[in-house]
Amino acid sequence: MICTGNPINIRICQIQADPFSFSRKAHRSFLFLFLLILIIFSGCTKKPVGHLPEEALQRIGISPYEEADRLFRKDKYWLGGDGASSVDIGNGKVLWLFGDSFIGTGEHRDRHQSVMIRNSIAIQEGYDPVHATIHFYWHHKNNKPSPFFPCDENEYVWPADGIVIRGKLFIALMIINKGRNALGFEIKNWQCVSVEDHAIFPERWVISYLNMPEPPSGLPLVLSTFLVEKKYIYGFFTHTKTHDIYLGRWQINDFCDGNLMKLAWWSEKTHKWQRPDSKADGVSPILSGGQMEFTVEWHPFLKKYMLIQSEGFGNTAIGMRVAEKLTGPWSSFRPFFQTVKTNHPGIITYAAKSHPELDGASIVLTYAVNSLDFEEVLTNNQIYFPVFLKGMIHNEK
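Each residue of the sequence shown is one higher than the one before, starting from 130 at the first, in my numbering.
See below:
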């Protein structure tokens, strides 16, 4: 069964709500929660499940793409967000998906006078981020900004990734609930929604919430990214505690019909796909040492699958893994860019992702920049915007 919601009522103009200032108590609460979330999302380094010979790896030359950074910094209402997954929705348009986002009054770009909502989206027109235009979208509730994907104080919704198949848009959402554990929250599950006519303005979207499959053997898995290939839609799932990466797939016909229950899982132990109607007790990860946020794509120059991720916590390294098949073996992590260190000890970077639909370089990436000092986030307008990188891929042979 598919549950269909009503069209979303969204404003992208002036905010009518009285802006609120973040209290000192809110600073401490946010910082504690943010630290815990980043520790969980940053992952840990483990020996990969599969290996490739060193000579099979490639070298990537990456540099800052500062002229593209202006794309996210010129709106007078949207004052920053993280996550930054992108989806090519056709006709020269790109959908951006953001997590926690600051929405200002439009009168001045002061985050102290803004509202922080759990998610927002944007539509970019043009594939070149330097010359493209962009419009941001969110809800309004009780004359205050509220998330584009609705949630409440006990449940956070962060967009993970999206795909367009046969004219229909699908978006995966991470569901984070308040928990009774020591952390006070838990990454609970994931949800997939569909949009029949994504070509119209987002304020007119009708969003349908799909029934979701149970994870194999009760594993705490959430979908991090999609990849479409031939007659299948592949989902890369992250274990919320170990950050091991699992691989599932749907037949395109089933997925487009909203039948996500027919999900098959890959078993690294048996090197076979487990049938959707089986208990999938033999499911095992395709690699370890992953992240909650990453991207996977087939790169035509490498002639390999390329996984882009951050590694570590703080001033992280950005790098890749490669594989000749989605099922692996995947190479070990190869760093190719070290995020810039600053004089601010609390600055952290995370959520490195590739955006293959964008023009301007053979590879275009973004990563998030944040701070463990929430006052720094509120006052420093140079952080808490996605940062662009660009580069070339060079064959090592």
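C-beta atoms are modelled at their ideal positions from N, C-alpha and C, and glycine is treated no differently.
Evaluate residue 329 with the Cβ neighbour count: other Cβ atoms within 10 Å of its Cβ, from every protein chain shown; 16 or more gives buried, anything less gives exposed. Here the question's residue 329 lines up with position 200 in the sequence shown. That one is exposed.
With which residues is residue 450 paired in a DSSP beta bridge? As a working mapping, residue 450 is identified with position 321 in the sequence shown. Residue 450 is bridged to 436.
From the DSSP output, in three-state form, read off residue 346 for me. As a position in the sequence shown, residue 346 is number 217, starting the count at 1. If DSSP states are grouped into helix, strand and coil, residue 346 belongs with the helices.
Tell me the DSSP secondary structure of residue 195 in three-state form. Residue numbering aside, residue 195 sits at position 66 when the sequence shown is read from its first letter. Residue 195 falls in the helix class under three-state DSSP.
CA-to-CA distance, residue 489 to residue 321, given in whole angstroms: Locating residue 321 in the sequence shown gives position 192, counting from the first residue. Locating residue 489 in the sequence shown gives position 360, counting from the first residue. Looking at the two C-alpha atoms, the distance is approximately 31 Å.
Once DSSP output is grouped into helix, strand and coil, what is the label at residue 383? In the sequence shown, counting from the first residue as 1, residue 383 sits at position 254. Reduced to three states, the DSSP call for residue 383 is helix.
Close-in-space but distant-in-sequence residues of the same chain around residue 240 (CB under 6 Å, 5 per side omitted): Your numbering for residue 240 matches position 111 in the sequence shown. These residues qualify, in order along the chain: 208, 231 and 507.
For the alpha helix (DSSP H) containing residue 508, list its first residue and its last residue. By 1-based counting over the sequence shown, the position of residue 508 is 379. Where residue 508 is concerned, the enclosing alpha helix (DSSP H) starts and stops at 503-508.
Do the region 343-359 and the region 368-379 touch if we need at least three Cβ pairs shorter than 8 Å? The answer is yes - the region 368-379 touches the region 343-359, with three or more Cβ pairs under 8 Å.
Does any heavy atom of the ligand NAP sit closer than 8 Å to the C-beta of residue 279? As for the ligand NAP, it is missing from this structure, which has no ligand bound.
Buried/exposed call for residue 519, threshold 16 Cβ in 10 Å: Reading the sequence shown from its first residue, position 390 is the one you call residue 519. Buried.
Residues of its chain near residue 255, where Cβ-Cβ distance is below 7 Å and the 5 sequence neighbours each way are ignored: As a working note, residue 255 is residue 126 in the sequence shown. Around residue 255, the same chain offers 221, 261 and 262 as residues with beta carbons nearer than 7 Å, after the five sequence neighbours per side are excluded.
Taking only three categories from DSSP, how would you classify residue 208? Within the sequence shown, the letter at position 79 stands for residue 208. In the structure shown, residue 208 sits in a strand (DSSP, three-state: E or B).
Same chain only: Cβ atoms within 6 Å of residue 517, ignoring 5 sequence neighbours per side: Taking the sequence shown and counting its residues from 1, one reaches residue 517 at position 388. The residues are 194, 197, 198 and 495.
Spatial neighbours of residue 510 within its chain, please: CB distance less than 7 Å, with the 5 preceding and 5 following residues excluded, ordered by chain position. Here residue 510 corresponds to residue number 381 of the sequence shown, with the count starting at 1. 238.
Residue 334 burial status per 10 Å Cβ neighbour count (16 or more: buried): Reading the sequence shown from its first residue, position 205 is the one you call residue 334. Counting Cβ neighbours within 10 Å, residue 334 comes out buried, since at least 16 surround it.
In the DSSP assignment, what are the bridge partners of residue 264? Stepping through the sequence shown from its first residue, residue 264 is reached at position 135. Per DSSP, the beta-bridge partners of residue 264 are 252.
Closest residue to residue 259 among 201, 289 and 299 (Cα-Cα distance): What you label residue 259 is simply residue 130 of the sequence shown in a count that begins at 1. Comparing Cα positions, the closest option is 201.
Strand pairing of residue 242, partner residues [DSSP]: Counted from its first residue, the sequence shown places residue 242 at position 113. Under DSSP, residue 242 forms no beta bridge with any residue.
I'd like to know if the region 428-438 and the region 449-465 are in contact, where contact means that at least 3 CB-CB pairs between them fall below 8 Å. Note that the region 428-438 touches the region 449-465; at least 3 beta-carbon pairs, one per stretch, sit closer than 8 Å.
Who are residue 426's beta bridge partners in DSSP? Counting from 1 along the sequence shown, the entry for residue 426 is found at position 297. According to DSSP, residue 426 bridges with 435.
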